[in-house]
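Chains as they are written, first to last, in the numbering used here: chain A, 5 to 236; chain B, 5 to 236.
For reference, the structure discussed in these notes is given below.
2 protein chains.
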Amino acid sequence: MTARSSTDASRVIPEATVARLPVYLRALTGLADNGIRTCSSEDLASAAGVNSAKLRKDLSYLGSYGTRGVGYDVDYLRYQIAREIGVTQDWPVVIVGIGNLGHALANYSGFRSRGFRVVALLDADPALVGRTVAGVAVQPFDELEAIVRDHDVAIGVIATPAVAAQSVADRMVATGITSILNFAPAVLAVPEGVDVRKVDLSIELQILAYHEQRKAGGAEQAAAVGADGGVA
Amino acid sequence: MTARSSTDASRVIPEATVARLPVYLRALTGLADNGIRTCSSEDLASAAGVNSAKLRKDLSYLGSYGTRGVGYDVDYLRYQIAREIGVTQDWPVVIVGIGNLGHALANYSGFRSRGFRVVALLDADPALVGRTVAGVAVQPFDELEAIVRDHDVAIGVIATPAVAAQSVADRMVATGITSILNFAPAVLAVPEGVDVRKVDLSIELQILAYHEQRKAGGAEQAAAVGADGGVA
DNA sequence: CCGGTTTTGTTCTCACGTTCACAAACTCCT
DNA sequence: AGGAGTTTGTGAACGTGAGAACAAAACCGG
């Protein structure tokens, strides 16, 4: 019995689309804040910074929530996307590693306002334990199991130094966490069924540096780059 | 028409490959730190968390830096990738917006150790100006032009609130910055020729939430996505 | 010097993602 | 009511990326 909710059940949403849905959600919120009640795919696409055809195709994976000749109802579509992503409910989150970055993450208002609730801040350093960051007390890392059990936490954030990341991930997985957002510059090995997403600040800069070098490269490169020109 | 050097430097490297090169670079550094002088594509691939065929194909875009039957010289390959990315030189970087996140970024050691030098921290808030963060004094945002000119800055980092992001980006572009790393949750419009990369914390969490909801929702529907299967 | 072994670099095939183009469906005006 | 004008949803073409398989090239032992 694959009878699911009111909408069609057998939809496999492409990963690339899933990654864009939060962008659409944010764009819709922006439109709603401006008092806009209806928008066309063109409007929403430009607000989200994508092509309108891509937007329509992405939305078509969720169902038919628009009206031909009219467009989309902003609030309705917003709710549908939020429901699809799963941010109509509140997700409890633990953050491990309360250094500079962990501090910033704990203070980041974008979490709370988007369906995520930081239920605990953990750190192995006794000097940090007991301090309060963003209204939440820092607790010893060993409290992980109890917190995950008590709050039914499924998502963990790793903001530790690279050397600690793998062991923190292992411990998280052991307690039942099945989704990890990793800010540590390390490759995590996790069992099947656990999702890991990685955010790496220096990698992003290096990608920019590559393109920057290409742009500026023509003149300075000792190696003659010929007529490529590189002006894209 | 294209006179090429021996290294065939002007080849077009796929974007997906460019995004992985920094990962390989980091993995190689890890191997070198462990005293390993030579490695096979299999070794490096598992350290980087990718498939070995993919790794070899990626490296083949740079040139033939391996030795069949032997593998890759760690230091040599490391240098070649660093040169390709452009991190053999030092890239001056300005960070705008010294809130919690800007603070964390300024303190992030991964920048300095990977070819990036934070030459200035800027903020529009007079209360922050004059304070010193990570050994660098916070200056008024209006100093942007002078700093970019004096230090020949090409890369800017935006860590401001969303509402300020677009105007900061416009100002950056006007001063000659051609690569922007944007941490603000906003879609930036920039002219052709300017690269923007976006890092959005809450979007990453929302993507995890989607998969988490799938896992919890339908048992048989387990969208097997994770499985980054790398061995550390 | 030569065959065997190892490992790279490359080719081929397939899957995925993007874009185009258009029929279907809705509104509005006469 | 009916036709003109919009805008969605989707089928088809196209381009890019991933993975398997293999030939080419290096080393090694005799």
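All residues carry an ideal CB built from backbone N, CA and C; glycine is no exception.
Query raised in the report: So, is the C-beta of Ala20(A) closer than 8 Å to a C-beta in chain B?
Result: In the first sequence, counting from the first residue as 1, residue 20(A) sits at position 16. Ala20(A) does not count as touching chain B.
Requested in this report: Please decide whether Pro189(A) counts as near chain B, where near means a Cβ-Cβ distance under 8 Å.
Outcome: On the first sequence, position 185 is the one that residue 189(A) refers to. Yes, Pro189(A) counts as interfacial toward chain B.
Query - Asp204(B), DSSP secondary structure in three states - result: Locating residue 204(B) in the second sequence gives position 200, where the first residue counts as 1. If DSSP states are grouped into helix, strand and coil, Asp204(B) belongs with coil.
Report task. Run down chain A in chain order and give the residues with a C-beta less than 7 Å from the C-beta of Val142(B). Result -> Within the second sequence, residue 142(B) is the residue found at index 138, counting from 1. Within 7 Å Cβ-Cβ: nothing; Val142(B) doesn't reach chain A, min ~15 Å.
Report task. Would you check if the region 175-195 of chain A and the region 138-155 of chain A touch, i.e. whether three or more CB-CB distances between them fall below 8 Å? Result -> Counting Cβ pairs under 8 Å, three or more are found: they touch.
Query - For Ala141(B), three-class secondary structure by DSSP - result: In the second sequence, the residue the question calls residue 141(B) occupies position 137. Ala141(B) falls in the strand class under three-state DSSP.
Requested in this report: Decide if Arg121(A) is buried, meaning its Cβ has at least 16 other Cβ atoms within 10 Å, or exposed.
Outcome: Counting from one through the first sequence, the residue named residue 121(A) turns up at place 117. Burial state of Arg121(A) is exposed, judged by a 10 Å Cβ sphere holding fewer than 16 other Cβ atoms.
Query raised in the report: Could you check where the beta strand (DSSP E) with Leu185(B) kicks off and where it finishes?
Result: Numbered from its first residue, the second sequence carries residue 185(B) at position 181. Counting along the chain, the beta strand (DSSP E) containing Leu185(B) begins and ends at Ser183 to Asn186.
Query raised in the report: Under 8 Å between the Cβ atoms of Ala124(B) and Val91(B)?
Result: The count along the second sequence starts at 1 and reaches residue 124(B) at position 120. The count along the second sequence starts at 1 and reaches residue 91(B) at position 87. Their beta carbons are not under 8 Å apart, which means Ala124(B) does not touch Val91(B) by this criterion.
Query raised in the report: Residue ranges of each alpha helix (DSSP H) run of no fewer than 4 residues wholly in the region 69-129 of chain A, ordered along the chain?
Result: 78-89, 104-111 and 113-116
Query raised in the report: Going along the chain, which residues of its own chain have a beta-carbon closer than 8 Å to the beta-carbon of Asp199(B), five neighbours each way excluded?
Result: If you number the second sequence from 1, residue 199(B) lands on position 195. Cβ neighbours of Asp199(B) beyond the five flanking positions: Thr182, Ser183 and Ile184.
Requested in this report: Check the Cβ of Asp199(B) against every Cβ in chain A and list those closer than 9 Å, keeping chain order.
Outcome: On the second sequence, position 195 is the one that residue 199(B) refers to. Chain A residues near Asp199(B): Ile211, Leu212, His215, Glu216 and Lys219.
Query - Cβ of Thr182(A) within 8 Å of any chain B Cβ - result: For the purposes of this step, residue 182(A) is taken as residue 178 along the first sequence, with counting starting at 1. Yes, its Cβ sits closer than 8 Å to a Cβ of chain B.
**Report entry** First through last residue of the beta strand (DSSP E) which encompasses Val161(A)
**Finding:** Here residue 161(A) refers to the residue found at position 157 of the first sequence. Its beta strand (DSSP E) spans residues Ile159 to Ile162.
Query - Start and end residues, alpha helix (DSSP H) containing Ile40(B) - result: Against the second sequence, residue 40(B) aligns to sequence position 36. No alpha helix (DSSP H) contains Ile40(B), which DSSP labels as neither H nor E.
Requested in this report: Take the Cβ of Ala20(A) as the centre, count every other Cβ of all protein chains shown within 10 Å, and call the residue buried at 16 or more, exposed below.
Outcome: The residue labelled residue 20(A) in the question sits at position 16 within the first sequence. Under this definition Ala20(A) is an exposed residue.
Requested in this report: Please name the residue or residues paired with Thr136(B) in a DSSP beta bridge.
Outcome: Here residue 136(B) refers to the residue found at position 132 when the second sequence is read from its first residue. Bridge partners of Thr136(B): Ala141(B).
Report task. With 8 Å as the threshold, decide whether the Cβ of Arg207(A) is near any Cβ in chain B. Result -> Walking along the first sequence from the start, residue 207(A) turns up at place 203. Checking the sequence, you will find Ile at residue 207(A) rather than Arg. Output row for Ile207(A): interface = yes.
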